[in-house]
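Note sheet for the following structure.
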Amino acid sequence: AVPPSQPSPGRGRSNTNAPWPRRKGVWATGAALFIGGLGVIAGLLGWRSAIAPVSLTAPVYSETTIERGRVLAALGDCAVCHTAPGGSPNAGGRAMDTPFGTLYTTNLTPDADTGLGRWSFSAFQRAMREGVSRDGHHLYPAFPYTAFAKTSDDDLQALYAYFMSMPAVRAETPKSELKFPFNLRPLMAGWNALFHNPAPLQPVTTQSAEWNRGAYLVNGLGHCGACHTPRNALGAEQGGSAFLSGAMVDGWEAPALTQLSKAAVPWGTDALYRYLRNGHSPRHGIAGGPMAEVVRELAQVPDDDVRAMAVYLGSFNPEPAADPQALAQQVIDNAARTQGQLLGPAQRMFDSACASCHHDGDGPTLLGVNTPLALNSSLTSTRPDNLLRTILDGVRAPAHRDIGFMPAFREALDDRQIAELAGYMRARFAPQEAPWQNLPAEVARVRAAPGH
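For the sequence shown, the numbering used here begins at 6 and goes up steadily by one.
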């Protein structure tokens with residue numbers, strides 16, 4: 006999606022109920038075949054040839070350039086996706102589950118046979134800008150070249166320098182397992198013709214330099230929209246008011262970053278900065294799931310850049326309350342009034358398993374930070390997925406150790422118990438929201454889904 010030239014998010018409900026559709030629709034397949042026709046035409050008119058391999062010699066980049074590339078790689082979360090569980094950093098092999106099948110990330114180390122060791126900068130630049138590999142085959146947009154295309158030549162040079170400076174690791178990339186016809190890479194020529202705009206991001210003259218810097222980072226290497234923008238039936242990010250309006254990725258809800266956010270207290274620039282910098286906002290909660298990995302990488306990014314990202318993202322939200330702490334306390338007090346009305350087995354389960362850590366500030370801080378649950382967007386969301394995943398699997402790898410850990414209840418509680426617990430938490434801490442429906446089935450679905 007092409008980001009708006011200025012903050013103008015549309016109104017309405019978040020799109021997190023219907024991103025990256027998993028239905029096997031005839032329409033999607035038919036559209037893919039139509040795009041295949043476009044791909045054939047595009048291929049005939051402009052077949053992408055291979056770029057000649059190179060041989061790595063002595064380093065030609067300065068330590069300063071390599072260090073800048075390391076920071077840019079952290080901003081782009083390269084190691085998050087390109088490192089398999091238990092594998093070498095950036096050596097690839099991590100499975101990426103999509104509605105079209107499973108993709109595996111590639112080896113970014115300079116190994117000559119399985120990595121980037123024979124790639125020239127021109128080949129690297131083409132992949133980042135156009136989604137075409139060195140040998141001429143098309144890449145899939147799970148690798149977000151649609152965002153990376155906005156990155157400057159200087160930054161791409163630094164990123165390339167960093168990858169070429171890493172220790173080479175021999176690691177074959179597993180073969181992708183995509184359904185027909187999506188396993189036909191030439192289709193991507195047609196997809197790119199319809200959905201990819203490689204034009205550089207233009208500064209918005211009516212906005213500050215800091216805002217424009219944030220726009221460059223968020224929409225370029227940061228590729229925030231790759232997770233937080235819903236996609237159409239063919240995997241392209243939606244534009245317009247759907248930009249950053251929330252989506253489902255790897256079984257987690259990437260919430261809306263605009264005024265469509267379900268947060269009980271609206272996000273402001275300062276709260277966004279603290280969340281991105283430390284993985285925690287006292288009036289919103291902690292960075293969990295895949296976002297914890299992102300925050301760990303952002304710890305290496307200069308403070309000014311993190312602040313610029315917060316300024317840009319904050320501009321898509323309503324003006325924060327004059328006294329956000331007073332608003333937060335009001336939300337907490339409103340939720341507290343329901344406590345005495347919800348007595349029963351689920352309440353006793355919460356008190357025995359959760360309440361010692363999750364209280365409203367009237368108890369000790371035992372295992373890390375404690376944000377009152379009435380402020381946690383996992384409770385106010387239209388979907389229970391993030392809450393259910395957290396109950397099932399706990400918090401095993403927080404963005405920062407000071408945030409603390411949470412035990413998993415996957416083995417301790419069955420589907421019925423977790424459904425009752427989640428329903429109780431929704432009613433107690435988000436009484437303004439409608440109850441979640443069919444929670445036992447939702448718990449079974451989330452429990453059976455692959456973990457990430």
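Backbone N, C-alpha and C define an ideal beta-carbon position, used for all residues, glycine too.
- In the DSSP assignment, W216 falls within the unbroken alpha helix (DSSP H) covering 214-224.
- Taken through DSSP and simplified to helix, strand or coil, T69 comes out as helix.
- Contiguous alpha helix (DSSP H) elements confined to the segment 115-177 occur at 126-135, 150-153, 158-170, taking only those with 4 or more residues.
- As summarised for the segment 216-275, the continuous beta strand (DSSP E) elements at least 3 residues long and confined to that stretch are 252-254, 257-259, given in chain order.
- In terms of Cβ geometry, P436 and A351 do not form a close pair [threshold 9 Å].
- Sequence-distant partners of A89 (beyond 5 residues in either direction) whose C-beta falls short of 6 Å from its own C-beta, in its chain, are G98, R99.
- With contacts defined as CB atoms closer than 9 Å, C232 and P295 qualify as a contacting pair.
- Under the three-state reduction of DSSP, G409 is assigned to strand.
- For G319, the enclosing alpha helix (DSSP H) has its first and last residue at 308-319.
- Taking the CA atoms as reference points, M169 sits about 24 Å from M101.
- In the structure shown, A439 falls within a coil segment according to DSSP collapsed to helix, strand and coil.
- In the three-state reduction of the DSSP assignment, D356 falls in the helix class, which pools H, G and I.
- The Cβ-Cβ distance between L380 and G290 falls below 9 Å.
- Beta-bridge analysis with DSSP links T107 to D102, E182.
- Contact between Y145 and E135 does not hold, since the beta-carbon distance rounds to 13 Å and is not under 8 Å.
- A residue is called buried when at least 16 other Cβ atoms come within 10 angstroms of its Cβ; H143 meets this threshold and is buried.
- Spatial neighbours of A163 in its own chain (CB-CB distance under 7 Å, excluding positions within 5 residues in sequence) are listed in chain order as T70, R73, G74, L77.
- The residues A315, V316, G319, in chain order, have a CB closer than 6 Å to that of T274 in the same chain once the five nearest residues on each side in sequence are set aside.
- Under DSSP, S382 takes part in no beta bridge, so it has no partner.
- Annotation for T110: C86, H87, G97, R99 place their beta carbon closer than 6 Å to its own, counting only its chain and skipping 5 residues before and after.
- Within the same chain, Cβ atoms closer than 6 Å to the Cβ of F126 are found at Y165, the five residues on either side in sequence being excluded.
- Assignment of V374 by DSSP, reduced to helix, strand and coil, places it in the coil class.
- Leaving aside the five residues that flank S138 on each side, the residues in its chain whose CB is nearer than 7 Å to its CB run, in chain order, A132, L144.
- Between V336 and A269, the gap from beta carbon to beta carbon is short of 9 Å.
- Of all alpha-carbon atoms in R431, F434, I423, the one lying nearest the alpha-carbon of V451 is that of I423.
- The segment 203-219 makes no contact with the segment 396-415, as fewer than three CB pairs between them are under 8 Å.
- A check of alpha carbon separations from D309 across L222, Q243, D338 identifies L222 as the nearest.
- Distance between G345 and T376, taken at the CA atoms: about 21 Å.
- Here D82 is buried: its Cβ has 16 or more other Cβ atoms, across all protein chains shown, within 10 Å.
- In terms of Cβ geometry, A79 and E302 form a close pair [threshold 9 Å].
- Taking T263 as the centre and dropping the five residues before and after it, the same chain places the C-beta of P14, L249, S250, F321, N322 closer than 7 Å to its C-beta, in chain order.
- Residue environment for P58: exposed (fewer than 16 other C-beta atoms within 10 angstroms of its C-beta).
- A Cβ-Cβ distance of about 6 Å is found for the pair V374 and G409, placing them in contact under the 8 Å criterion.
- Following the DSSP letters along the chain, one finds V336 inside the alpha helix (DSSP H) bounded by residues 329-341.
- Non-local C-beta neighbours of V254 in its own chain, meaning closer than 6 Å and more than five positions away in sequence, comprise C232, ordered along the chain.
- Inter-residue distance for A241 and N202 is about 11 Å (C-alpha atoms, whole angstroms).
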